[in-house]
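**Q** I have a structure here, written as C-alpha cells, and I will follow up with some questions on it.
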Amino acid sequence: MAGAWKRRASSTVLGVVLLEAAKIGTVIGIDLGTTYSCVGVYKNGHVEIIANDQGNRITPSWGFTDNERLIGEAAKNQAAVNPERTVFDVKRLIGRKFEDKEVQRDMKLVPYKIVNKDGKPYIEVKIKDGETKVFSPEEISAMILTKMKETAEAYLGKKIALFTVPAYFNDAQRQATKDAGTIAGLNVVRIINEPTAAAIAYGLDKKGGEKNILVFDLGGGTFDVSILTIDNGVFEVLATNGDTHLGGEDFDQRIMEYFIKLIKKKHGKDISKDNRALGKLRREAERAKRSLSSQHQVRVEIESLFDGVDFSEPLTRARFEELNNDLFRKTMGPVKKAMEDAGLEKRQIDEIVLVGGSTRIPKIQQLLKDYFDGRKPNKGVNPDEAVAYGAAVQGGILSGEGGDETKDILLLDVAPLTLGIETVGGVMTKLIPRNTVIPTKSPKFSPLTKINRLPSQFRGTPQIEVTFEVDANGILNVKAEDKASGRSEKITITNDKGRLSQEEIERMVKEAEEFAEEDKKINDKDKLADKLEADEKEKIETATKEALGDGRQPKMLEKRGL
C-alpha cells in the first residue's frame, strides 16, 4: 500500500514544513475531549504530556461561571452544589444546530440551561449578582482550551497549537473548534483526526514492513473507528466511520436512569428534576462505571442524596452491561462499515488499538475480541493520553523539532463524509467520495448547478466548472468558474448560518481576555492571602522558638520522662 511514491511525497511535504518551521516555533498538541482534555509537546526527541496545576495529566472539560471562573477539577468538584452554573459535555453542542435531535436530547439530560440563539445552542448561566449571560459552545470550549494553554505556557511559554477532533466531525464542527482556539488566544496551525493521532502514538516506533491497524476510539462523548496502513513512517488512512454522539457519558446516563427508577420505586420520590441530587448521582455513576472495569460489583453510596435520605445500592458489572447492551453493540456497526470501506478481511488487520477511557470497559473489549475471531486488542498505548501524544508528535513535525525520529512520518488522512453539489431536481452529484485522501482537489463540469452562495447569474447557467478542495484540516473550499465568460468565484464553506461571525469572535476574544484578567486578580489575591498566612505562621514559629530558645523545652521533656 505505502509504496515508493509515498516516500518521495514524504520528503517533499516535510521539506516544505521544515522551511516554514522557523516561522512557526514550538507547537503544542491539544486533545480537546468531551469529558477530559490533555496537552503534550514534542521536545528533546520525545513527547512530554504536560501536567496541570493540580499535577494531573488529564483535565476535566468542565467550566463553572459565577463570581469567578473555574475550569477543570475546580469546576467539577463543586458541580453537585452549583449544578445550573457548571457546564460540561459542550463538545456535544459545538458546531451543531439548536434543532438537531442530539441537542434536543441533551437539553433534557444536563442541569444547565441550553437556549436557542440564531438557530444555535447557547448555554445560559447566572453570573455576578444574579445577572444572566449566554455563552456559545465555542466560548466554553475556549475556556477549557485557555486552561490547557496556561498549562503549556507554565511549562513552555508557547501559544501555537495543533488540535485534534473526532474523525467523524463535519465541516461546521471543525470550524467551530478552530474558532474556540482563536477565542482562547491560540494560533491553530492544524487540525487532525483523533484516531489518526492515536495511530501515530502507536506506530511511531514501529519499523519493518507494512501493517494494517484498526483504531477503536471510544471516549466520553464521541466514537471513531479508523483503519490505517502503517509502513515505515507513512500513515495512510484507508477508511473511517463513527458516531459523534456515543460514549462514556451515555453509559453514565443509563446508570443514572436505573437508580432514578429504583429510588422512585423504593422511596416514592422522583429526583429526575432535582439538579443537585442528579449532580451527586452523576458523579457517583461515573465512579461506579470506572470501578466496574476492574471489579465485578461496587456499592454506590451518596450521603443525603435527597430530603436527608442517604443512598446506598449495589451495582454489578452484569447489570451495568445489561443497561448498556444496545449501546455497546452499537459500536460494532461503524467497525463493520469501516472494514467494508477499507476492503479488508478480518484476518488482514494486524493490530486493534484501543483509545479513549471507555475502551477500558471489559464488555467493549470482549465484543471486539469476538468480532475479530478471538484476537485480543492491543493495550500498548495509554487510552487517555494517546491522542494528545500523537498530536504532540505532529506538532513536532510542523515545528521542525521532531528530529530523526519523525523525519520520515507522513500522514495521509481522509474526508469522512461524501461531499457534493445539488443539481436540478434535488439530486446530489458526488464530487469527493468519503474516505478520499486529503488534501484533495476534485474538478467537475456541472451544467445547471445550484449553489446558493454563488452569484445569482451563475444559477441555472450551463458549463460551470465546480472544483472542491479539502485542505489538511478537513475544511472545504469551493471554486466555480463560468467557462463562457471566464469569471470565477471562490469561497471557503464556513456554514455561516451556524458559525460565529468575525465580529462575534473578536468580541469573545476580548471578553476572554477580560475573564483572564479577572482570574489573575483573584489568583493574585489568593496568593497574597497565602503569603500573609505563611508570614504570620513564620512569625509565630519564630516567637515560639525565641521563647523556648535557651534549651528549656528539652529539659522540660526530660523531667516528664518523655
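Here this note's numbering is used: position 457 in the sequence shown is 1007, and no number is missing along the way. Using N, Cα and C, we set each Cβ at its ideal position, and we do this for glycine too. Please read these numbers as outputs of a predicted model, since none were measured by experiment.
Would you be able to state if there are at least three C-beta pairs under 8 Å between the stretch 739-746 and the stretch 769-779?
**A** Yes, they touch.
**Q** Can you check DSSP and say which residues form a bridge with residue 847?
**A** Its beta-bridge partners are 866.
**Q** On the criterion of 16 or more Cβ atoms from any shown chain inside 10 Å, does residue 884 qualify as buried, or is it exposed?
**A** Buried, by the Cβ-count rule.
**Q** Cα separation between residue 638 and residue 730?
**A** Rounded to the nearest angstrom, the two C-alpha atoms are 15 Å apart.
**Q** Is the stretch 983-990 touching the stretch 959-973 in the sense that three or more CB pairs, one from each, lie closer than 8 Å?
**A** With the cut-off at 8 Å, the stretch 959-973 and the stretch 983-990 touch.
**Q** Alpha carbon to alpha carbon, how far is residue 721 from residue 686?
**A** The straight-line gap from Cα to Cα measures roughly 18 Å.
**Q** State the beta-bridge partners of residue 610 as determined by DSSP.
**A** According to DSSP, which records beta bridges pairwise, residue 610 is partnered with 586.
**Q** DSSP on residue 682, reduced to helix/strand/coil?
**A** DSSP places residue 682 in strand when its eight states are reduced to three.
**Q** What do you get for residue 897, buried or exposed, if any count of 16 or more other CB atoms within 10 angstroms of its CB means buried?
**A** Counting Cβ neighbours within 10 Å, residue 897 comes out exposed, since fewer than 16 surround it.
**Q** Quick check: the Cα distance between residue 585 and residue 934, rounded to an integer number of angstroms?
**A** C-alpha separation (whole angstroms): 11 Å.
**Q** What does a CB cutoff of less than 6 Å around residue 629 pick up in its chain, not counting 5 residues either side in sequence?
**A** Only 636, 829 meet the Cβ criterion.
**Q** In chain order, what residues of the same chain lie with their CB nearer than 6 Å to the CB of residue 701, ignoring the 5 residues before and after it?
**A** So the list reads 589, 600, 602, once near-sequence residues are dropped.
**Q** Could you please give the first and the last residue of the uninterrupted alpha helix (DSSP H) stretch that includes residue 627?
**A** Looking at the DSSP string, the run of the alpha helix (DSSP H) that includes residue 627 is 623-627.
**Q** Would residue 713 and residue 580 qualify as a contact pair, given that the criterion is a beta-carbon distance under 7 Å?
**A** Yes, the pair counts as a contact, with Cβ atoms nearer than the cut-off.
**Q** DSSP state of residue 825, grouped into three classes?
**A** Residue 825: helix per DSSP, three-state reduction.
**Q** Give me the Cα-Cα distance between residue 998 and residue 1025, rounded to the nearest whole angstrom.
**A** Below a pLDDT of 50, predicted positions are generally treated as unreliable, and residue 998, at 49, falls in that range; the measurement from the model is reported next regardless. Cα-Cα distance, rounded: 25 Å.
**Q** First and last residue of the beta strand (DSSP E) that includes residue 776?
**A** Unbroken beta strand (DSSP E) run through residue 776: 773-781.
**Q** What is the DSSP secondary structure of residue 740, reduced to helix, strand or coil?
**A** Of the three classes helix, strand and coil, the one that applies to residue 740 here is strand, per DSSP.
**Q** Check whether the Cβ atoms of residue 592 and residue 942 sit closer than 7 Å, and answer yes or no.
**A** Yes, Cβ-Cβ distance for residue 592 and residue 942 is below 7 Å.
**Q** Which parts of the stretch 955-991 are runs of the beta strand (DSSP E), unbroken and 3 residues or longer, counting only runs that do not cross its ends?
**A** Taking only runs of at least 3 residues, the beta strand (DSSP E) segments lying wholly in the stretch 955-991 are 960-964, 969-973, 977-982.
**Q** With H, G and I counted as helix, E and B as strand and the rest as coil, what does DSSP make of residue 885?
**A** The answer is helix: DSSP assigns residue 885 an H, G or I state.
**Q** Out of 913, 673, 976, 1040, which has the shortest C-alpha to C-alpha gap to residue 868?
**A** Checking every option, the nearest Cα to that of residue 868 belongs to 913.
**Q** So, with DSSP's three-state summary, where would you put residue 1027?
**A** If DSSP states are grouped into helix, strand and coil, residue 1027 belongs with the strands.
**Q** If we call anything under 7 Å between Cβ atoms a contact, is residue 765 one with residue 850?
**A** Against a cut-off of 7 Å, the Cβ pair of residue 850 and residue 765 comes out as no contact.
**Q** Count the C-beta pairs between the stretch 678-698 and the stretch 651-661 that are closer than 8 Å, then say yes if the count reaches three, no if not.
**A** Touching, no.
**Q** Tell me residue 667's beta-bridge partners as DSSP assigns them.
**A** According to DSSP, which records beta bridges pairwise, residue 667 is partnered with 670.
**Q** Of the residues 957, 895, 817, 844, which one's Cα is nearest the Cα of residue 862?
**A** If we check each option's Cα against that of residue 862, 817 comes out closest.
**Q** Along the chain, which unbroken stretches of the beta strand (DSSP E) at least 3 residues long are found entirely within the stretch 677-731?
**A** Entirely contained in the stretch 677-731, the beta strand (DSSP E) runs reaching 3 residues are, in chain order, 682-685, 710-715.
**Q** For residue 1003, which residues in the same chain have their Cβ closer than 7 Å to its Cβ, ignoring the five residues on either side in sequence?
**A** Confidence at residue 1003 is low in this model, with a pLDDT of 47, below 50, so its placement is unreliable and no value can be given for it.
**Q** Can you find the residues in the same chain that come closer than 7 Å, C-beta to C-beta, to residue 922, ignoring five residues on each side of it along the sequence?
**A** Around residue 922: 896, 899, 902.
**Q** Evaluate contact between the stretch 798-810 and the stretch 831-839, counting only Cβ atoms and requiring at least three cross-stretch pairs below 8 Å.
**A** Segments in contact, yes.
**Q** For the alpha helix (DSSP H) holding residue 937, just list the boundary residues, first then last.
**A** Residue 937 -> alpha helix (DSSP H) spans 936-949.
**Q** By Cβ distance below 6 Å, which residues in the same chain neighbour residue 1022 in space, the five residues on each side in sequence not counted?
**A** The residues are 989.
**Q** Using DSSP's beta-bridge definition, name the partner residues of residue 789.
**A** For residue 789, which the question treats as bridged, DSSP gives the partners 777.
**Q** Could you pull out every residue in the same chain whose Cβ sits closer than 8 Å to the Cβ of residue 634, ignoring the five residues on either side in sequence?
**A** Correct list, in chain order: 661, 662, 663, 675, 676, 825.
**Q** If you measure between the beta carbons of residue 911 and residue 992, is that distance less than 7 Å?
**A** Result no, Cβ atoms of residue 911 and residue 992 do not sit closer than 7 Å.
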